[in-house]
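**Q** The listed protein sequences derive, respectively, from chains X and D. Read left to right, the first sequence gives residues 1 to 119 (the numbering used here). Read left to right, the second sequence gives residues 1001 to 1113 (the numbering used here). Glycine included, every Cβ here is placed at the ideal spot set by N, Cα and C. Here it is, the structure, as structure tokens.
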Amino acid sequence: DTGVSQDPRHKITKRGQNVTFRCDPISEHNRLYWYRQTLGQGPEFLTYFQNEAQLEKSRLLSDRFSAERPKGSFSTLEIQRTEQGDSAMYLCASSWPNRDRGTTNEKLFFGSGTQLSVL
Amino acid sequence: GNSVTQMEGPVTLSEEAFLTINCTYTATGYPSLFWYVQYPGEGLQLLLKATKADDKGSNKGFEATYRKETTSFHLEKGSVQVSDSAVYFCALSYTGTASKLTFGTGTRLQVTL
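This is the structure:
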């Protein structure tokens, strides 16, 4: 399978614990995105990387959240001192944008997500 | 800010029925519009997109037309199948530096025999 893979699929933790999720994008995709989806809502943008550089972070990403993409390949998302409000599905997506006649075309490929439950 | 509003689900249809899922948006300028589909246990997949007014996106029998005058991008299919059962998300973004999608809340479609 050469799609976007996320690990783990499910994570149950106690409030106050730290958790880390991993995303492996499609190889050669230079952009990587993190989204969060809570129950009954659509996904919300958190942050994205171009290669190893983190270019934008949403205001949803509090100081307890940190994301890295050290070699421009896989990425990790860490949540410190988890709270019950952090319970959500964390989605990763990757892309390889291309320019065609002055227009940027970008198709995101999503992983299946990591479901976090904070007790 | 930008927002996307979808009709609430679940939508339950019999096989071969006509499908419409309404989507309207609020945004400045000229966003690109998308429909994503999420099948059970799978990641979101791009279903179709339209990048400018009056464009029609189509894929797998689904269609949606970018209507700037009504700020809408309704999803339609003439004859649904059981295999179309999934959650459908309408979304928008701006071409440029990155695809920061703004999603609607999703509409669950259940197709029965």
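1) Looking only at DSSP bridge pairs, what is S75(X) linked to?
2) Report yes or no: is there a C-beta of chain D within less than 8 Å of the C-beta of F74(X)?
3) So which residues on chain X does T1105(D) lean against when the C-beta distance must stay under 8 Å?
4) Which of the three DSSP states, helix, strand or coil, is assigned to G1057(D)?
5) Within 7 Å: the Cβ of E1076(D) and any heavy atom of the ligand MN?
6) Let me know the secondary structure DSSP gives S1083(D) once reduced to three states.
7) Which one or two residues does DSSP pair with Q84(X) in a beta bridge?
8) So who's on the other strand from E1063(D), going by DSSP bridges?
9) By a C-beta neighbour count over all protein chains shown, 10 Å radius and 16 as the cutoff for buried, is V1037(D) buried or exposed?
10) What is the DSSP secondary structure of H29(X), counted as helix, strand or coil?
11) If we call anything under 8 Å between Cβ atoms a contact, is T1012(D) one with Q1110(D)?
12) For a contact meaning CB atoms closer than 9 Å, what does E68(X) contact in chain D?
13) Compute the beta-carbon to beta-carbon distance between L116(X) and V19(X), rounded to the nearest angstrom, for a pair I have assumed lies under 8 Å.
14) Using the Cα positions of T941(D) and G16(X), report the straight-line distance between them to the nearest angstrom.
15) I need the straight-line Cα distance from Q84(X) to T1112(D), nearest angstrom please.
16) Among S87(X), K71(X), S112(X), T114(X), which one has its Cα closest to the Cα of E28(X)?
17) Got a sec: is the Cβ-Cβ distance from L108(X) to anything in chain D below 8 Å?
18) Out of curiosity, what's the CA-to-CA distance linking H1074(D) and I1021(D)?
19) Between E1016(D) and T13(X), what straight-line distance do the alpha-carbon atoms span, to the nearest angstrom?
20) Which chain X residues are close to S1099(D), counting only those with a beta carbon under 7 Å from its beta carbon?
21) Quick check on M1007(D): does DSSP put it in helix, strand or coil?
22) In whole angstroms, give me the CA-to-CA distance for N51(X) and N30(X).
**A** Checking against the coordinates, here is how it stands:
1) On the first sequence, residue 75(X) is found 75 positions in, with the first residue counted as 1. S75(X) pairs with C23(X).
2) In the first sequence, the residue the question calls residue 74(X) occupies position 74. So no, F74(X) is outside the interface.
3) The residue given as residue 1105(D) occupies position 105 in the second sequence. Neighbours of T1105(D) across chain X, judged by C-beta separation under 8 Å: G40, Q41, G42.
4) Walking along the second sequence from the start, residue 1057(D) turns up at place 57. G1057(D) falls in the strand class under three-state DSSP.
5) With respect to the ligand MN, the structure shown offers nothing to examine, as it has no ligands at all.
6) Position 83 of the second sequence, counted from the start, is the residue given in the question as residue 1083(D). Three-state result, S1083(D): helix.
7) The residue given as residue 84(X) occupies position 84 in the first sequence. None, per the DSSP bridge assignment.
8) For this step, residue 1063(D) is matched to residue 63 along the second sequence. In the DSSP secondary-structure assignment, E1063(D) is bridged to S1058(D), E1076(D).
9) By 1-based counting over the second sequence, the position of residue 1037(D) is 37. V1037(D) comes out buried.
10) Indexing the first sequence from 1 puts residue 29(X) at position 29. Here H29(X) sits in coil by DSSP.
11) Locating residue 1012(D) in the second sequence gives position 12, where the first residue counts as 1. Locating residue 1110(D) in the second sequence gives position 110, where the first residue counts as 1. Contact: yes.
12) In the first sequence, residue 68(X) corresponds to position 68, counting from 1. Simply none; closest approach about 18 Å.
13) The sequence position of residue 116(X) within the first sequence is 116, counting from 1. The sequence position of residue 19(X) within the first sequence is 19, counting from 1. Indeed they touch by this definition, with Cβ atoms about 7 Å apart.
14) Chain D is shown from 1001 up to 1113; residue 941(D) falls before or after that span and cannot be answered.
15) Translated into positions along the first sequence, residue 84(X) becomes position 84. Translated into positions along the second sequence, residue 1112(D) becomes position 112. Q84(X) and T1112(D): Cα-Cα distance of roughly 37 Å.
16) Residue mapping note: residue 28(X) aligns to position 28 of the first sequence, counting from 1. Taking only the C-alpha atoms, the option nearest E28(X) is K71(X).
17) Translated into the one-based positions of the first sequence, residue 108(X) becomes position 108. So yes, L108(X) belongs to the interface.
18) Here residue 1074(D) refers to the residue found at position 74 of the second sequence. Here residue 1021(D) refers to the residue found at position 21 of the second sequence. Approximately 6 Å, taken between the alpha carbons.
19) On the second sequence, position 16 is the one that residue 1016(D) refers to. On the first sequence, position 13 is the one that residue 13(X) refers to. Each residue's alpha carbon lies about 44 Å from the other.
20) Looking up residue 1099(D) in the second sequence gives position 99. Per Cβ cutoff of 7 Å: S95, E106, L108.
21) For this step, residue 1007(D) is matched to residue 7 along the second sequence. Here M1007(D) sits in coil by DSSP.
22) Locating residue 51(X) in the first sequence gives position 51, where the first residue counts as 1. Locating residue 30(X) in the first sequence gives position 30, where the first residue counts as 1. Their Cα atoms are separated by approximately 5 Å.
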